[in-house]
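K.L.:
I have a structure here, written as structure tokens, and I will follow up with some questions on it.
Here's what the structure looks like:
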């Protein structure tokens with residue numbers, strides 16, 4: 001595997017379910033990100049991890065819970081979601097998490113909340 | 115006020131023409147500027163980055179930055195049908211501040 005991978009690619013869940021999104025980067029990067037992409041809206045940065053420490057949490061509801069066990073893996077745990085949480089969730093990584101870094105995106109998980 | 119503003123388009127240009135994509139940003143403290151391309155159903159990929167005022171050229175692509183006017187643009191010369199995509203402008207600054215625009219949809223007509 002190369003680049004940034006995400007699983008699953010598609011997920012349908014009910015509002016009472018608990019699920020997790022997984023991201024893995026094979027680039028040797030030290031920073032990882034979760035973004036939400038909704039139709040007609042800009043990418044919204046949700047969480048930033050640098051060297052496995054969370055450095056940013058942009059007022060994301062607590063029903064989204066990130067986990068970064070090491071610099072190559074990032075999870076987004078989901079529970080009690082709302083229909084408005086349906087979106088494309090993109091994971092990205094960058095070398096150091098600096099503002100000058102290029103971010104490399106995974107293919108995304110298309111989430112539908114019923 | 116939005117952090118990053120782009121004309122959503124759609125922008126249509128004939129094959130071989132120059133496509134001009136524009137982006138404005140609200141925070142004068144913004145430091146780094148990126149153009150990403152996103153094909154339908156795919157994830158964003160970097161086209162160009164620019165950090166200082168002026169022009170930066172890479173093949174058929176030229177990024178232009180004017181910090182006084184808070185304006186960044188992307189020119190695509192000799193546009194090809196394969197350039198048809200949504201182009202996202204991203205603006206970043208220290209403190210993990212990363213902002214994207216809504217994107218401009220470009221269609222290159224053969």
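Residue numbers (my numbering), protein chains in the order written: chain A, 1 to 114; chain B, 115 to 224.
Even glycine gets a Cβ: it sits at the ideal position worked out from N, Cα and C.
(1) Inspect the CB distances between the segment 15-33 of chain A and the segment 126-133 of chain B and report whether three or more fall short of 8 Å.
(2) Please identify, using Cβ separations under 7 Å, the residues of the segment 70-92 of chain A that lie next to chain B, in order along the chain.
(3) With a threshold of 16 other CB atoms inside 10 Å of the CB of residue 15 of chain A, please say whether the residue is buried or exposed.
(4) State whether the segment 168-179 of chain B contacts the segment 100-110 of chain A, with contact taken as three or more CB pairs (one from each stretch) at a distance under 8 Å.
(5) What's the call for residue 57 of chain A, buried or exposed, on a 16-neighbour Cβ count within 10 Å?
(6) Quick one: give me the first and last residue of the beta strand (DSSP E) that residue 172 of chain B is part of.
(7) Could you compute how far the alpha carbon of residue 221 of chain B sits from the alpha carbon of residue 191 of chain B?
(8) Opposite residue 163 of chain B in the DSSP bridges: which residues?
(9) How is the beta strand (DSSP E) around residue 221 of chain B delimited, first residue to last?
(10) Can a CB atom of chain B be found closer than 8 Å to the CB of residue 108 of chain A?
(11) Counting beta carbon pairs with one atom in the segment 136-146 of chain B and one in the segment 27-37 of chain A, are three or more of them shorter than 8 Å?
(12) Starting from residue 69 of chain A, trace the beta strand (DSSP E) both ways and give me its first and last residue.
(13) Considering only DSSP beta bridges, list what residue 44 of chain A is partnered with.
(14) Between residue 193 of chain B and the ligand COA, is there a pair consisting of the residue's CB and a ligand heavy atom that are separated by less than 7 Å?
(15) Please report the residue range of the beta strand (DSSP E) in which residue 84 of chain A lies.
(16) Compare the C-beta of residue 64 of chain A with all C-beta atoms of chain B and state if any pair is closer than 8 Å.
(17) Using a Cβ cut-off of 9 Å, pull out every chain A residue sitting near residue 147 of chain B, in sequence order please.
(18) Give me the chain B residues within the contact set of residue 55 of chain A, using Cβ-Cβ distance strictly less than 7 Å, ordered along the chain.
(19) Hey, residue 202 of chain B and residue 212 of chain B are a contact pair by Cβ (cut 8 Å); roughly how many whole angstroms apart?
P.N.:
Considering the structure as presented:
(1) no
(2) 90
(3) exposed
(4) no
(5) exposed
(6) 168-172
(7) 14 Å
(8) B:148
(9) 218-223
(10) yes
(11) no
(12) 64-70
(13) A:36
(14) In the structure on display, the ligand COA does not appear, and there are no ligands present to speak of.
(15) Run containing residue 84 of chain A: none; DSSP gives neither H nor E here.
(16) no
(17) Those within 9 Å of residue 147 of chain B in chain A number zero; the least Cβ separation is about 10 Å.
(18) 210
(19) Between residue 212 of chain B and residue 202 of chain B the Cβ distance is about 12 Å, and since that is not below 8 Å, they are no contact.
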